[in-house]
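Asks:
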Amino acid sequence: RERSLSVVNIFLEEMAKEAKNIITAICDEQCKMSDRLLPKHCAILITQNRKNKGKNKKNAIEIEKPGKESYRKTRENLTTMDKLHMALTELCFAINYCPTINVWEYTFAPREYLHQHLETRFAQALVGMVMYKQETNEIAKPTELLASVRAYMNVLQTVENYVHIDITRVFNNCLLQQTQPVDSHGDKTIAAHYTQWYSEVLLRRVSAGNICFSINQRAFVSLTAEGAIPFNAEEYSDINELRALSELIGPYGMKQLSETLMWHIASQVQELKKLAEINKETLTALRTNFDKPEVMKENFKKLASVDNVLQRMTIVGVILSFRQLAQSALTDVLEERIPFLLSSILDFRHHLPSGDPMKVVSEMTSAAGLPCKVDPTLVNALKLQKPDIDVEDHSLVCLL
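Read in order, the letters of the sequence shown correspond to residues 1 to 400 in full-length UniProt numbering.
1) So, using beta-carbon positions, are ILE101 and VAL8 closer together than 8 Å?
2) Have a look at LYS17 and ALA109 and give me their C-alpha separation to the nearest angstrom.
3) Using three-state DSSP, classify TYR106 as helix, strand or coil.
4) Let me know the alpha helix (DSSP H) ranges lying completely inside the region 230 to 297, each 4 residues or longer, listed in chain order.
5) Whole-angstrom Cβ separation of LEU396 and GLU277, contact assumed at under 8 Å?
6) Since SER222 is in the beta strand (DSSP E), which residue starts that stretch and which ends it?
7) Rounded to the nearest angstrom, what separates MET313 and LYS141 at their Cα positions?
8) Just to check my reading of the structure: LEU330 and SER246 have Cβ atoms closer than 8 Å, yes? What is that Cβ distance to the nearest angstrom?
9) Count the other C-beta atoms from every protein chain shown that fall within 10 angstroms of the C-beta of ASP238, then say buried if there are 16 or more, exposed otherwise.
10) Which one or two residues does DSSP pair with PHE213 in a beta bridge?
11) Measuring alpha carbon to alpha carbon, tell me which of LYS133, MET129, THR158 and ARG111 ends up nearest LEU145.
12) Have a look at ALA87 and LEU126 and give me their C-alpha separation to the nearest angstrom.
13) Secondary structure at residue 402, three-state DSSP: helix, strand or coil?
14) Can you tell me the Cβ-Cβ gap for ASN137 and VAL201, rounded? I've got them flagged as a contact below 8 Å.
15) What is the DSSP secondary structure of VAL182, reduced to helix, strand or coil?
16) Is the Cβ-Cβ distance between ALA151 and SER6 less than 8 Å?
17) By the three-class DSSP mapping on this structure, what secondary structure does LYS83 have?
18) Sort GLY67, LEU310, GLN116 and ASN173 by Cα distance to LEU275 and report the nearest one.
19) Determine which residues share a DSSP beta bridge with LYS359 and list them.
20) Alpha carbon to alpha carbon, what distance is there between ALA123 and LEU114?
21) Could you spell out where the alpha helix (DSSP H) holding HIS351 opens and where it closes?
22) With a 10 Å radius around its C-beta and 16 neighbouring C-beta atoms as the bar for buried, classify ARG323 as buried or exposed.
23) In terms of residue numbering, what span does the alpha helix (DSSP H) encompassing GLU69 cover?
24) Which same chain residues, not among the five before or five after ILE319, have their C-beta less than 7 Å away from its C-beta?
25) Applying the criterion that 16 or more other CB atoms from any shown protein chain within 10 Å of the CB defines a buried residue, is PHE93 buried or exposed?
26) List the endpoints of the continuous alpha helix (DSSP H) containing VAL306.
27) Look up ILE345 in the DSSP assignment and say whether it is helix, strand or coil.
28) If we count Cβ pairs, one from each stretch, closer than 8 Å, do we get three or more for the region 243 to 257 versus the region 186 to 202?
29) From this set, PHE290, THR168 and LYS273, which residue's C-alpha is nearest SER305's C-alpha?
30) Name the two residues that bound the continuous alpha helix (DSSP H) containing PRO142.
31) Sort LEU45, LEU12 and SER214 by Cα distance to LYS65 and report the nearest one.
32) Report the CB separation of ARG121 from THR189 in whole angstroms; it is logged as a contact under 8 Å.
33) I'd like the span of the alpha helix (DSSP H) that includes LYS188, first residue to last.
34) Starting from residue 407, follow the alpha helix (DSSP H) in both directions and report where the run begins and ends.
35) Could you tell me which of CYS174, SER148, PRO99 and SER222 sits nearest to LEU37, measuring between CA atoms?
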């Protein structure tokens, strides 16, 4: 009995695994084709056209354009993709043939085997496509990752034509997990990788002075020549990239990013308070003698770590600017995806009693990327740093 159950289980497992491997091969090929359609590949065509102007066109080398693989002279010659689709059709027909297989008092569902394999594979593929390398701090651009994810999803949706499984359930389970810090297996997700990269790599390089925030371009732009730093900041921080990031990790992931950024700000505030405490006597003298220029000049010379204060204030400004960009990108995405729900949140905010006694509406509007008079995420981060109210703290903040 145990042996017969084991044989059925192994057989169904192998069939599902083989189908998963074929689907993975098709997905990888589709991702490559999707990648060839990205705007970055236009540069080769533009360069070629410039070279060909005013020259003999007969000598020009023709570049193979995306889509050429679809043209056929005959259907007799099967391509690799044709063979993969044929094999997938046969396997899926076999898996779909019997909804259940009864062995002794046990019931096996072949489709569930395929469902589990596809879900596991899709989750692994999502994180793999991020291409995060901690040693070199390299990561895929959110727009490119989004294009690859959509190509992968398009292939998985076609599986529904072959076998009766709910692919939407696969998408919901996997994509929702990717908005959390870790998935069901305890592995890092897309949201975790991008939160780490933006807060620890991009923003640290901004603080170094090679990158600045441009209000007009709504992005962080590189000040140095191309190639002087490992990447162009605008290729990761412009509005299109942040919208793509919002699409991928959703409001949950963006909230995680915001909380991480606010934690960094709270840490800087703590350091600033320490610097204010060191200079407390001098700052008090400056505050009481602001109408006496000579005394002010003398006291100013006594201030310690002035550059340190300026640097920390700059870091806070950089983080707030990036957070504002990320929040506006999230609002743009939600406006497109859930306009009615977003309009309801705006309505709540508009009719809010002054002070928002329950703090719920402020948290809801902040989670939707909308600006608040008092940022609840920052308030919570500061409370965690110093849970007890201290009179000394108030005087230090006033001196700052």
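Beta carbons: idealized from backbone N, C-alpha and C, even for Gly.
Replies: Reading off the structure:
1) Reading the sequence shown from its first residue, position 101 is the one you call residue 101. Reading the sequence shown from its first residue, position 8 is the one you call residue 8. For ILE101 and VAL8, yes; Cβs fall inside 8 Å.
2) Within the sequence shown, residue 17 is the residue found at index 17, counting from 1. Within the sequence shown, residue 109 is the residue found at index 109, counting from 1. Cα-Cα distance, rounded: 15 Å.
3) Indexing the sequence shown from 1 puts residue 106 at position 106. DSSP, read as helix, strand or coil, puts TYR106 in strand.
4) Complete alpha helix (DSSP H) runs here, min 4: 234 to 237, 239 to 278 and 280 to 288.
5) Taking the first residue of the sequence shown as 1, we reach residue 396 at position 396. Taking the first residue of the sequence shown as 1, we reach residue 277 at position 277. Cβ-Cβ separation between LEU396 and GLU277: approximately 6 Å, consistent with a contact (criterion under 8 Å).
6) Within the sequence shown, residue 222 is the residue found at index 222, counting from 1. In this chain, the beta strand (DSSP E) harbouring SER222 covers 219 to 222.
7) Indexing the sequence shown from 1 puts residue 313 at position 313. Indexing the sequence shown from 1 puts residue 141 at position 141. When rounded, the distance between both Cα atoms is 29 Å.
8) Here residue 330 refers to the residue found at position 330 of the sequence shown. Here residue 246 refers to the residue found at position 246 of the sequence shown. Between SER246 and LEU330 the Cβ distance is about 4 Å, and since that is below 8 Å, they are a contact.
9) Looking up residue 238 in the sequence shown gives position 238. So ASP238 ends up on the buried side.
10) The residue given as residue 213 occupies position 213 in the sequence shown. In DSSP, PHE213 forms a bridge with PHE220.
11) Taking the sequence shown and counting its residues from 1, the one referred to as residue 145 is at position 145. When only C-alpha atoms are compared, the closest one is MET129.
12) Position 87 of the sequence shown, counted from the start, is the residue given in the question as residue 87. Position 126 of the sequence shown, counted from the start, is the residue given in the question as residue 126. Annotation: ALA87 to LEU126 spans about 25 Å, alpha carbon to alpha carbon.
13) Limits of the chain in this structure are 1 at one end and 400 at the other, which puts residue 402 out of reach.
14) As a working mapping, residue 137 is identified with position 137 in the sequence shown. As a working mapping, residue 201 is identified with position 201 in the sequence shown. The beta-carbon separation of ASN137 and VAL201, rounded to 5 Å, stays under the 8 Å limit for a contact.
15) Mapped onto the sequence shown, residue 182 falls at position 182. Looking at VAL182 - three-state DSSP - the assignment turns out to be strand.
16) For the purposes of this step, residue 151 is taken as residue 151 along the sequence shown, with counting starting at 1. For the purposes of this step, residue 6 is taken as residue 6 along the sequence shown, with counting starting at 1. At a Cβ-Cβ threshold of 8 Å, ALA151 and SER6 do not count as neighbours.
17) Taking the sequence shown and counting its residues from 1, one reaches residue 83 at position 83. In the three-state reduction of the DSSP assignment, LYS83 falls in the helix class.
18) Position 275 of the sequence shown holds residue 275. By alpha-carbon distance to LEU275, the top candidate from GLY67, LEU310, GLN116 and ASN173 is LEU310.
19) Locating residue 359 in the sequence shown gives position 359, counting from the first residue. Per DSSP, LYS359 has no beta-bridge partner at all.
20) The count along the sequence shown starts at 1 and reaches residue 114 at position 114. The count along the sequence shown starts at 1 and reaches residue 123 at position 123. When rounded, the distance between both Cα atoms is 14 Å.
21) Within the sequence shown, residue 351 is the residue found at index 351, counting from 1. Unbroken run through HIS351: none, as it is neither H nor E.
22) Translated into the one-based positions of the sequence shown, residue 323 becomes position 323. Around the beta-carbon of ARG323, 16 or more other beta-carbon atoms lie within 10 Å, marking it buried.
23) Along the sequence shown, one-based indexing puts residue 69 at 69. No alpha helix (DSSP H) contains GLU69, which DSSP labels as neither H nor E.
24) Sequence index remark: in the sequence shown, residue 319 carries index 319 (1-based). LEU203, LEU261, HIS264 and ILE265, listed in sequence order.
25) Mapped onto the sequence shown, residue 93 falls at position 93. Exposed: under 16 other Cβ atoms inside 10 Å.
26) Translated into positions along the sequence shown, residue 306 becomes position 306. It spans 306 to 337 - the alpha helix (DSSP H) in which VAL306 sits, taken as one unbroken run.
27) Against the sequence shown, residue 345 aligns to sequence position 345. Looking at ILE345 - three-state DSSP - the assignment turns out to be helix.
28) Because the criterion of three Cβ pairs below 8 Å is met, the region 243 to 257 and the region 186 to 202 touch.
29) One-based indexing of the sequence shown puts residue 305 at position 305. Ranked by how close their Cα comes to the Cα of SER305, the residues PHE290, THR168 and LYS273 have LYS273 in first place.
30) Reading the sequence shown from its first residue, position 142 is the one you call residue 142. 142 to 159 is the span of the alpha helix (DSSP H), which, as asked, contains PRO142.
31) Sequence index remark: in the sequence shown, residue 65 carries index 65 (1-based). The shortest C-alpha separation from LYS65 is found at LEU45.
32) By 1-based counting over the sequence shown, the position of residue 121 is 121. By 1-based counting over the sequence shown, the position of residue 189 is 189. That belief does not hold up - the Cβ atoms of ARG121 and THR189 are roughly 16 Å apart, past 8 Å.
33) In the sequence shown, the residue the question calls residue 188 occupies position 188. Neither: LYS188 is in no alpha helix (DSSP H) and is coded neither H nor E.
34) Residue coverage of the chain in this structure runs from 1 to 400, which leaves residue 407 outside it and unanswerable.
35) For this step, residue 37 is matched to residue 37 along the sequence shown. It is SER148 whose Cα lies nearest to the Cα of LEU37.
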